[in-house]
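For what it's worth, the working numbering labels the leading residue of the first sequence as 11, then goes sequentially.
Yeah, the Cβ is synthetic: ideal placement off N, Cα and C, and Gly gets one too.
Predicted model, so just to flag it, every value in this text is computed and none were measured.
Below: the structure, in structure tokens.
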Amino acid sequence: MPAKVKKYAKAKPAPKKAPPKEQAPAADQQPPMADPNAAAMMPRPATRGVATPQTLRGMKDILPSEQKYWLHVRDAAEPLAAAYGYDRIDTPILEETGLFVRSVGKQTDIVEKEMFSFIDAGGENVSLRPEATASIVRSYINHGMFNQPQPVKLFYWGPMFRHERPQSGRFREFHQFGFEVLGDKHPVLDAEIILIAHLFFKELGIKTAVQINSLGCPTCRPTYLAELTNYYRAKRSQLCENCKRRLLKNPLRVLDCKEAGCAALKDGAPQIVDSLCEECKNHFMRVLEYLDEIQVPYVLNPHLVRGLDYYTKTVFEIWPADETESSQSALGGGGRYDGLVEVLGGRPTPACGFAIGIERAILQLKSANIEPSVRNKPDIFMAQLGDVARRKVVPLFEELRKAGINVASSFSKDSLKSQLEIANRLGSRYTLIIGQKEVLDGTVLIRDMEAGMQEIVDYNRAVGEMKKKLGRP
RNA sequence: GUGACCAUGGUGCAACGGUUAGCACAGCGGGUUGUGGUCCCGUUAAUGAGGGUUCGAUUCCCUCUGGUCACCCCA
11 MPAKVKKYAK AKPAPKKAPP KEQAPAADQQ PPMADPNAAA MMPRPATRGV ATPQTLRGMK
71 DILPSEQKYW LHVRDAAEPL AAAYGYDRID TPILEETGLF VRSVGKQTDI VEKEMFSFID
131 AGGENVSLRP EATASIVRSY INHGMFNQPQ PVKLFYWGPM FRHERPQSGR FREFHQFGFE
191 VLGDKHPVLD AEIILIAHLF FKELGIKTAV QINSLGCPTC RPTYLAELTN YYRAKRSQLC
251 ENCKRRLLKN PLRVLDCKEA GCAALKDGAP QIVDSLCEEC KNHFMRVLEY LDEIQVPYVL
311 NPHLVRGLDY YTKTVFEIWP ADETESSQSA LGGGGRYDGL VEVLGGRPTP ACGFAIGIER
371 AILQLKSANI EPSVRNKPDI FMAQLGDVAR RKVVPLFEEL RKAGINVASS FSKDSLKSQL
431 EIANRLGSRY TLIIGQKEVL DGTVLIRDME AGMQEIVDYN RAVGEMKKKL GRP
């Protein structure tokens, strides 16, 4: 029996190459599997390797070795959500395309050219979400959350999709977490949102700078846009082609252009802060006051414009501390979106929030050489010799586990040598060994991996003994 | 979407218009029968895909795919 298992294990990794040793054994080793697909997947006369599917462009596996970073980020974000009273919400990854067109904005790059949209089998035009705020707002309306005590505070975490050319810190499937507060227009909430984003990075040990601006509201923004358009129209010839178009469609975006010609002009451009209406100006001032109060450093950036149409009043981005304005890698961003709920058919509801790019946060973690602690080492490794011993070892493993002890094992191995090798690799403090002899005597061998000392204990007393050794109650 | 560079075993590298395609690490198996972290030996495993040039291509050319970087824009 064991021999057969061994053989099978050996034969398994060689499906690619057939010609060299084309023999019979492989065939009669798989009688139990009648899976017809197995044959299809391993064509007998396969010469070269069978083409293996690859991940799609811009998508990637998050391997076990990477998980510690993701855990670390989550461990920084979740307690903040809990502390500030933001409840977790998960919305579908697939939504009707119209949701994003209406919220993010038809003119935006995201909607214009970056959405994963398709017609589904039912003829519906659907899209993979490029961001989460739209879905959160939809959900808020759908479930009548305006009937709950306001504001409603929500926290989310999940994958987003944008069909862009991959680059450093940019993937087609990427992950964000975010905080949203709906149903209250108080400026202290803008500050709270910014504070949380700031605290998150502080918690991780990443140095960041908050860039902040106000985009006004429907009463004052049009005046500003007119002013801005006027300013640029006079200098139209100096703008890049792109900006000439932008001037008509979305003049705010011209401020964001990095072309030398356009960038030179923006210093002289009228600033929106100067044309804010009383309410917006007041709101902005108060946000800044609160930020001063809670000691969140920020940089007033009159050129900060966000690529989503729904923002009003406060907008902000979090940049790595050492990045300059030309940086294209915001770690996170957000702002107030007082008009969005209404745009999606809800009653007028003020709201604000932010999102953080998790991959980008992890990138910063790595470039700052911050390595999250590795997973906990097992206290005990359970080794066994032979089938009889295996039967005794499994229940013991279970008892130890229930006693709250971190146990590891490799039950499928046969030799003690290889099991000790694994125990060593895992860094376990003790190895419990049960072989033929121990089974007969009703004992267990306890090996102290560091000292190399061994002692024999009654099988029934093993759990108690180990608890004592490990200092467990 | 535009441009530049790149693509060899699981990983990191090497090589040449004519091969046994090398090396290291990892993996697996051994170094006598039940003992790890060192050492020694053996062994598995690769030229991204498809065309073309050529007597011959892993090497040269084209296309595709993917990666990296920049632009665009965003997280």
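For residue 436, the enclosing alpha helix (DSSP H) starts and ends at 426-436. The beta carbon of residue 254 sits closer than 7 Å to the beta carbons of 246 from its chain, once the five residues preceding and following it are set aside; these are given in chain order. Taking C-beta separations shorter than 8 Å and ignoring five residues to either side along the sequence, the partners of residue 468 in its chain run 452, 453 and 454, following chain order.
In this chain, the alpha helix (DSSP H) harbouring residue 237 covers 231-244. For residue 221, the enclosing beta strand (DSSP E) stretches over residues 218-224. With 16 or more neighbouring CB atoms inside 10 Å of its own CB, residue 261 falls in the buried class. Beta-bridge partners of residue 163 (DSSP): 191.
Cβ atoms of residue 192 and residue 361 come within 8 Å of each other, at about 4 Å. By the criterion of a C-beta distance shorter than 8 Å, residue 287 is surrounded in its chain by 226, 227, 229 and 230, once the five residues flanking it on both sides are discounted. Within the DSSP secondary-structure output, residue 97 pairs in a beta bridge with 164. Contiguous beta strand (DSSP E) elements confined to the region 240-317 occur at 308-310, taking only those with 3 or more residues.
If you look at residue 476, you'll find it in the alpha helix (DSSP H) that goes 472-479. Between residue 68 and residue 182, the C-beta gap is smaller than 7 Å, which places the two residues in contact. The region 283-299 makes no contact with the region 91-100, as fewer than three CB pairs between them are under 8 Å.
Of the other Cβ atoms in all chains shown, fewer than 16 fall within 10 Å of the Cβ of residue 404; this residue is therefore exposed. Annotation for residue 364: the continuous beta strand (DSSP E) segment containing it runs 361-367. The DSSP-derived three-state label of residue 402 is helix. In the pairwise beta carbon analysis, the region 72-91 is classified as touching the region 212-224: at least three pairs are separated by under 8 Å.
Annotation for residue 400: 394 and 421 place their beta carbon closer than 8 Å to its own, counting only its chain and skipping 5 residues before and after. DSSP places residue 152 in the uninterrupted alpha helix (DSSP H) bounded by 143-152. DSSP places residue 458 inside the beta strand (DSSP E), whose first and last residues are 453-458. By the neighbour-count definition (other C-beta atoms within 10 Å, threshold 16), residue 65 is an exposed residue. Setting aside the 5 residues that flank it on each side, residue 304 is surrounded in the same chain by 201 and 205, each with a C-beta closer than 8 Å to its C-beta; the list follows chain order. Within the model, the alpha-carbon separation for residue 398 versus residue 423 is close to 14 Å. Cα atoms of residue 272 and residue 309: separation of roughly 22 Å, rounded to the nearest angstrom. Within a 10 Å sphere around the beta-carbon of residue 73 sit fewer than 16 other beta-carbons, which makes this residue exposed. In summary, residue 251 is exposed, with fewer than 16 beta-carbon neighbours lying within 10 Å of its beta-carbon over all protein chains present. As computed with DSSP, residue 136 is found in a beta bridge with 106 and 128.
In this structure, the alpha-carbon of residue 232 lies about 13 Å from that of residue 281.
Between residue 173 and residue 124, the C-beta spacing is below 7 Å. Residue 190 counts as buried, since at least 16 other C-beta atoms from the protein chains shown sit within 10 angstroms of its C-beta.
Going by beta carbons, residue 223 and residue 325 fall inside the 7 Å limit.
When 194, 419, 407 and 427 are compared, the shortest CA-CA separation from residue 358 is found for 194. Ranked by Cα distance from residue 133, the first of 106, 144, 347 and 149 is 106.
Secondary structure at residue 374: helix, using DSSP grouped into helix, strand and coil.
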